[in-house]
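Remarks on the structure that follows.
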Amino acid sequence: MSTENYQNVRSAYSFFHENLGNKIKLQDVSNATGWKDSTVSTYFNKKWKGIILTRVKPGIYRVCMSENMSLEEFGELHSQVDQRLR
Numbered sequence: 008m009s010t011e012n013y014q015n016v017r018s019a020y021s022f023f024h025e026n027l028g029n030k031i032k033l034q035d036v037s038n039a040t041g042w043k044d045s046t047v048s049t050y051f052n053k054k055w056k057g058i059i060l061t062r063v064k065p066g067i068y069r070v071c072m073s074e075n076m077s078l079e080e081f082g083e084l085h086s087q088v089d090q091r092l093r
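Counted from 1, the sequence shown has number 14 at position 7 by the numbering used here; the numbering is strictly sequential.
Shown next, in the form of structure tokens:
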């Protein structure tokens, strides 16, 4: 993972950790990380759905990430190689 992407992952992890149980918009994640809205939407659909965020209603999500999830575990979600297949 590149240094720049790792910083964005750290920012996302911190944002989610600070907002555990809260309702957010994907735009909030974009603002906190510097990722494009399309990137955040892709992460939601491919990596975060049901693990980090749940959809409450269109455009509104609840942070459901486990408070025990480590930064390392969160970072593994962003690997292009599915860790479960290793």
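Each residue gets a CB set at the ideal place from its N, CA and C atoms; glycine is no exception.
Query raised in the report: If you follow the beta strand (DSSP E) that L84 is part of, which residue opens it and which one closes it?
Result: From DSSP, L84 is part of no beta strand (DSSP E); its letter is neither H nor E.
Requested in this report: Let me know the beta strand (DSSP E) ranges lying completely inside the segment 37 to 64, each 3 residues or longer, listed in chain order.
Outcome: 60 to 64
Query raised in the report: Residues bridged to S68 by DSSP?
Result: Residue 68 is actually Tyr in this sequence, not Ser. The partner list for Y68 (beta bridge, DSSP) reads I31 and R62.
Query raised in the report: Is S21 helix, strand or coil when you go by DSSP?
Result: helix
**Report entry** Minimum Cβ-Cβ distance from W42 to chain D less than 9 Å
**Finding:** Within the model displayed, chain D is absent; a lone protein chain is all it includes.
Query raised in the report: Any chance the segment 34 to 44 sits against the segment 78 to 87, with 3 or more Cβ pairs inside 8 Å?
Result: no
Query raised in the report: Which value, in whole angstroms, describes the spacing of the CA atoms of Y20 and I67?
Result: 18 Å
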